[in-house]
Amino acid sequence: MADEAPASTLVIFGAGGDLTKRLLVPALYNLSHAHRLPDDFRAIGVDHSSGDDAGFRKDLGSFLHSLASDPTSEFGKGKIDPKAWDWLAQRLSYQVADFNDQGSFRALAKRLEGAKGIVFYLAVSPQFFAPVVEQLAKAGLTRQSEDAPRRVVVEKPFGYDLKSAQALNARLLAVLQEDQIYRIDHFLGKETVRNIMVARFGNGVLEPLWSRLHIDSVQITAAETIGVEERGGYYDKAGALRDMVPNHLFQLLAMVAMEPPNSFDAEAVRAEHGRALEAIRVYSPREALANSARGQYGAGKVGGEEMVAYRDSPKVDPKSHTETFVALKLWLDNWRWSGVPFYLRTGKAMSAHDTNITVQFKAAPGILFRTAEAGPTGPNLMVLRIQPREGISLHFEAKRPGPEIRPAQVKLEFCYADYFKMAPATGYETLLYDCLIGDHTLFMRAQDVEAAWRAVTPFLEAWAEKASAPTPYAAGQDGPASAQELLACDGRRWRPIGA
Ligand code: BG6
2 MADEAPASTL
12 VIFGAGGDLT
22 KRLLVPALYN
32 LSHAHRLPDD
42 FRAIGVDHSS
52 GDDAGFRKDL
62 GSFLHSLASD
72 PTSEFGKGKI
82 DPKAWDWLAQ
92 RLSYQVADFN
102 DQGSFRALAK
112 RLEGAKGIVF
122 YLAVSPQFFA
132 PVVEQLAKAG
142 LTRQSEDAPR
152 RVVVEKPFGY
162 DLKSAQALNA
172 RLLAVLQEDQ
182 IYRIDHFLGK
192 ETVRNIMVAR
202 FGNGVLEPLW
212 SRLHIDSVQI
222 TAAETIGVEE
232 RGGYYDKAGA
242 LRDMVPNHLF
252 QLLAMVAMEP
262 PNSFDAEAVR
272 AEHGRALEAI
282 RVYSPREALA
292 NSARGQYGAG
302 KVGGEEMVAY
312 RDSPKVDPKS
322 HTETFVALKL
332 WLDNWRWSGV
342 PFYLRTGKAM
352 SAHDTNITVQ
362 FKAAPGILFR
372 TAEAGPTGPN
382 LMVLRIQPRE
392 GISLHFEAKR
402 PGPEIRPAQV
412 KLEFCYADYF
422 KMAPATGYET
432 LLYDCLIGDH
442 TLFMRAQDVE
452 AAWRAVTPFL
462 EAWAEKASAP
472 TPYAAGQDGP
482 ASAQELLACD
492 GRRWRPIGA
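When the letters of the sequence shown are read in order and numbered with the working numbering, they come out as residues 2 to 500.
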């Protein structure tokens with residue numbers, strides 16, 4: 002990040018929600034601490050419950066302090082700098098509003114009179130996305146001019162399937178220009194995800210290898226140790242596929258697979274990113290079944306702690322067929338990736354927290370290593386570790402010391418933390434800052450969201466038609482055996498989680 006953002010007001014709908022206190026306000030605090038917000042910055046929290054400015058500031062302040070002392074939170078370690086917090090707190094205010102009542106929006110418009118740039122952040126439940134935007138438009142709040150832009154940030158889930166995503170796009174685009182819409186995916190705010198472009202396009206040693214000519218297959222994993230926790234109401238309707246695949250995992254896939262853009266300009270990057278998503282083969286429901294595995298966790302132990310079965314979690318149907326784990330095999334039908342399978346998996350209640358992309362290279366000719374015990378011990382791998390222990394490692398063969406030639410797999414490792422001082426970050430800092438300065442690079446276009454849904458719809462349809470339960474796996478295990486079989490029948494295996 003470079004300069005201070007221009008004069009702007011951030012209006013957060015859903016100010017009383019979890020996202021606001023857990024991620025958005027901590028990210029604003031980090032931006033304030035890094036002097037990235039302008040002196041005339043303001044943030045107005047809007048929600049339906051009663052409250053006032055002082056109470057709003059006090060609640061957010063104490064929550065921020067509790068996050069700072071909780072090493073497991075996204076916000077992480079560290080002390081709160083009282084100067085940076087006071088600076089921000091003075092600029093926070095609260096407005097009570099009914100999202101269905103035009104009077105609330107007229108009152109908001111009054112409060113925003115004279116504001117320069119305004120960013121409206123929809124941190125609300127998805128059924129309010131379109132209604133809030135329509136109310137904003139009716140109150141004249143989406144009309145913009147060159148020095149007074151009006152932008153709207155839409156959180157996930159952007160739709161529930163292709164049809165609902167198309168319908169949401171249509172409703173938003175009826176009152177907004179496409180360039181006013183920021184469809185956010187917090188994975189794109191992660192340093193390690195943006196680093197994929199630098200790793201691929203900034204290194205002569207990698208660039209020539211990055212295609213079907215040298216790459217055998219790609220694995221993308223997002224394994225979480227947490228269960229569904231208190232989110233059963235949402236998750237039981239969504240499931241692992243909707244929750245993670247067309248958004249977060251596809252962002253990783255697009256970063257790995259996209260063609261080099263002509264520049265780092267927003268439109269150049271988004272065009273290539275979008276083309277990669279469009280290249281994902283759209284299966285028939287039958288192909289979708291054959292190329293997927295799904296699971297649901299039962300009771301078990303994760304990290305030594307007992308975890309109740311998914312079906313026994315709050316607000317989850319005790320007979321639920323919702324998957325908490327999914328593995329897919331996908332193809333990209335384009336020149337670069339023809340014939341290279343992309344294996345994706347994500348799940349909750351797994352043995353370790355591990356988000357990574359593992360690129361498996363083709364084997365060298367084996368003619369020199371004729372006997373099994375003298376042969377290479379595994380494929381060459383490049384592992385892009387998104388979280389935790391952010392970094393990149395390269396796994397390759399080396400000779401074991403001794404008179405015989407016997408290879409062993411070794412690894413070269415780059416860890417972010419060894420080279421760079423990583424400022425605490427929630428992942429939302431860059432994205433919020435980009436909304437304030439009007440940089441679209443890391444946000445989805447309408448057609449990107451639709452391309453992603455198009456690719457996952459056959460899985461949803463096939464599972465709905467089959468109406469069978471996902472295969473059980475015990476909490477603390479890495480998904481059902483069917484996920485292993487998906488690769489085993491291709492003569493490959495998943496890289497162990499947490500390795
Ligand atoms: C969210 C999903 O979008 O991403 C959650 O709804 C998931 O279910 C989370 O846990 C993962 O994000 P991160 O940044 O914690 O890896």
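From the three backbone atoms N, C-alpha and C, an ideal C-beta is built for every residue, glycine too.
Predicted model, so just to flag it, every value in this text is computed and none were measured.
Are the CB atoms of W86 and L65 nearer to each other than 8 Å?
Walking along the sequence shown from the start, residue 86 turns up at place 85. Walking along the sequence shown from the start, residue 65 turns up at place 64. Yes.
Shorter than 7 Å, the distance from the beta carbon of D48 to the closest heavy atom of ligand 2, or not?
This structure lacks ligand 2; its bound ligands are ligand 1.
Is Q297 near ligand 1, in the sense that its beta carbon is under 7 Å from a heavy atom of that ligand?
Residue numbering aside, residue 297 sits at position 296 when the sequence shown is read from its first letter. No; taking the cut-off as 7 Å, the Cβ of Q297 has no heavy atom of ligand 1 nearer than that.
May I ask you to list the residues that DSSP assigns as paired with F415?
Translated into positions along the sequence shown, residue 415 becomes position 414. In the DSSP output, where bridge partners are listed per residue, F415 has I393.
What do you get for P481, buried or exposed, if any count of 16 or more other CB atoms within 10 angstroms of its CB means buried?
Here residue 481 is taken as the residue at index 480 of the sequence shown, counted from 1. Per the 10 Å Cβ criterion, buried.
Please work out which residues of its chain come closer than 8 Å, Cβ to Cβ, to K139, disregarding the five sequence neighbours upstream and downstream, and give them in chain order.
In the sequence shown, residue 139 corresponds to position 138, counting from 1. Excluding sequence neighbours, K139 sits near Q103 and F106.
Expressed to the nearest angstrom, what Euclidean distance is found between the alpha-carbon atoms of R184 and L437?
On the sequence shown, residue 184 is found 183 positions in, with the first residue counted as 1. On the sequence shown, residue 437 is found 436 positions in, with the first residue counted as 1. If you take the alpha carbons of R184 and L437, they lie about 14 Å apart.
Label V12 either buried or exposed according to how many other C-beta atoms from any shown protein chain fall within 10 Å of its C-beta, with 16 as the threshold for buried.
Residue 12 sits at position 11 when you count from the first residue of the sequence shown. Under this definition V12 is a buried residue.
8 Å Cβ cutoff met for F326 and A241:
For the purposes of this step, residue 326 is identified with residue 325 of the sequence shown, where counting begins at 1. For the purposes of this step, residue 241 is identified with residue 240 of the sequence shown, where counting begins at 1. Yes.
CA-to-CA distance, T431 to M2, given in whole angstroms
As a working note, residue 2 is residue 1 in the sequence shown. As a working note, residue 431 is residue 430 in the sequence shown. Caution is warranted here: a pLDDT of 48 is assigned to M2, below 50, making its placement in the model unreliable, and no coordinate value can be reported.
Quick one: is Y420 buried, meaning 16 or more other Cβ sit within 10 Å of its Cβ, or exposed?
By one-based count along the sequence shown, residue 420 stands at place 419. Exposed is the call here.
Limits of the unbroken alpha helix (DSSP H) element including R386
Taking the first residue of the sequence shown as position 1, residue 386 is located at position 385. DSSP places R386 in no alpha helix (DSSP H) but in the uninterrupted beta strand (DSSP E) bounded by L382 to Q388.
Helix, strand or coil, according to DSSP, for V125 in the structure here?
Counting from 1 along the sequence shown, the entry for residue 125 is found at position 124. The answer is coil: DSSP assigns V125 none of H, G, I, E or B.
Alpha carbon to alpha carbon, what distance is there between S51 and S9?
Taking the first residue of the sequence shown as position 1, residue 9 is located at position 8. Taking the first residue of the sequence shown as position 1, residue 51 is located at position 50. Those two C-alpha atoms are separated by around 25 Å.
Spatial neighbours of A447 in its chain, beta-carbon cut-off 6 Å, leaving aside the 5 residues before and after:
Translated into the one-based positions of the sequence shown, residue 447 becomes position 446. Closer than 6 Å at Cβ, skipping near neighbours: N170.
I'd like to know whether the C-beta atoms of P247 and A453 end up nearer to each other than 8 Å.
Position 246 of the sequence shown, counted from the first residue, corresponds to residue 247. Position 452 of the sequence shown, counted from the first residue, corresponds to residue 453. Contact flag set, yes.
Beta-carbon spacing of L433, L32 below 8 Å
Position 432 of the sequence shown, counted from the start, is the residue given in the question as residue 433. Position 31 of the sequence shown, counted from the start, is the residue given in the question as residue 32. Yes, the pair counts as a contact, with Cβ atoms nearer than the cut-off.
Exposed or buried, H396, counting other C-beta atoms within 10 Å across all chains shown (16 or more means buried)?
Counting from 1 along the sequence shown, the entry for residue 396 is found at position 395. Classification of H396: buried, given that the 10 Å Cβ count is 16 or more.
Exposure label - W338; buried when at least 16 CB within 10 Å:
Stepping through the sequence shown from its first residue, residue 338 is reached at position 337. By the neighbour-count definition (other C-beta atoms within 10 Å, threshold 16), W338 is a buried residue.
So the beta strand (DSSP E) P362 belongs to, where does it begin and stop?
Here residue 362 refers to the residue found at position 361 of the sequence shown. It is worth fixing the name first, because residue 362 is Phe in this sequence and not Pro. From DSSP, the beta strand (DSSP E) with F362 extends over D355 to F362.
M445: CB within 7 Å of a non-hydrogen atom of ligand 1:
Numbered from its first residue, the sequence shown carries residue 445 at position 444. No, the Cβ of M445 stays beyond 7 Å of every heavy atom of ligand 1.
Under the assumption that A16 contacts G56 (Cβ atoms under 8 Å), give the Cβ distance between them as a whole number of angstroms.
Taking the sequence shown and counting its residues from 1, one reaches residue 16 at position 15. Taking the sequence shown and counting its residues from 1, one reaches residue 56 at position 55. That pair is no contact at about 11 Å.
Can you list the beta strand (DSSP E) stretches of 3 or more residues lying completely in the stretch 214 to 295, in chain order?
216 to 224
Candidates R407, G160 and T226: closest to G499 by CA position:
Indexing the sequence shown from 1 puts residue 499 at position 498. Taking the Cα of G499 as reference, the smallest distance to any Cα among R407, G160 and T226 is reached at T226.
When the Cα atoms are used, what is the spatial distance from G205 to W211?
Against the sequence shown, residue 205 aligns to sequence position 204. Against the sequence shown, residue 211 aligns to sequence position 210. Taking the straight line joining both Cα atoms gives about 11 Å.
Run of the alpha helix (DSSP H) containing R184, from where it starts to where it stops
Translated into the one-based positions of the sequence shown, residue 184 becomes position 183. Where R184 is concerned, there is no enclosing alpha helix (DSSP H), although the beta strand (DSSP E) it sits in stretches over I182 to R184.
For H34, tell me which candidate among R201, Y298, L109 and P425 has the shortest Cα-Cα distance.
Stepping through the sequence shown from its first residue, residue 34 is reached at position 33. Here the closest residue by C-alpha is P425.
Near ligand 1: K22 beta-carbon under 7 Å from a heavy atom:
Taking the sequence shown and counting its residues from 1, the one referred to as residue 22 is at position 21. False, no ligand heavy atom lies under 7 Å from that Cβ.
Of the residues S218, A166 and A200, the one placed nearest I387, counting alpha carbons only:
Here residue 387 is taken as the residue at index 386 of the sequence shown, counted from 1. Ranking the options by Cα distance to I387, first place goes to A200.
Using a Cβ-based criterion (distance less than 7 Å to any ligand heavy atom), does G115 qualify as near ligand 1?
Counting from 1 along the sequence shown, the entry for residue 115 is found at position 114. Result no, Cβ not under 7 Å from ligand 1.
Could you pull the DSSP bridge partners for M308 from this structure?
Along the sequence shown, read from residue 1 onward, the residue named residue 308 stands at position 307. DSSP output for M308 lists G301 as bridge partner(s).
Exposed or buried, what is L137 when buried is set at 16 or more other beta-carbons lying within 10 Å of its beta-carbon?
In the sequence shown, counting from the first residue as 1, residue 137 sits at position 136. It counts as buried.
Please confirm if the stretch 364 to 379 is in contact with the stretch 289 to 299, defined as three or more CB-CB distances below 8 Å between the two stretches.
no
Kindly indicate the opening and closing residues of the beta strand (DSSP E) around Q96.
Sequence index remark: in the sequence shown, residue 96 carries index 95 (1-based). Q96 -> beta strand (DSSP E) spans L93 to V97.
Are the CB atoms of Y311 and G228 within a distance shorter than 8 Å?
Taking the first residue of the sequence shown as position 1, residue 228 is located at position 227. Taking the first residue of the sequence shown as position 1, residue 311 is located at position 310. Yes.
With which residues is G348 paired in a DSSP beta bridge?
Locating residue 348 in the sequence shown gives position 347, counting from the first residue. Bridge partners of G348: A224 and F326.
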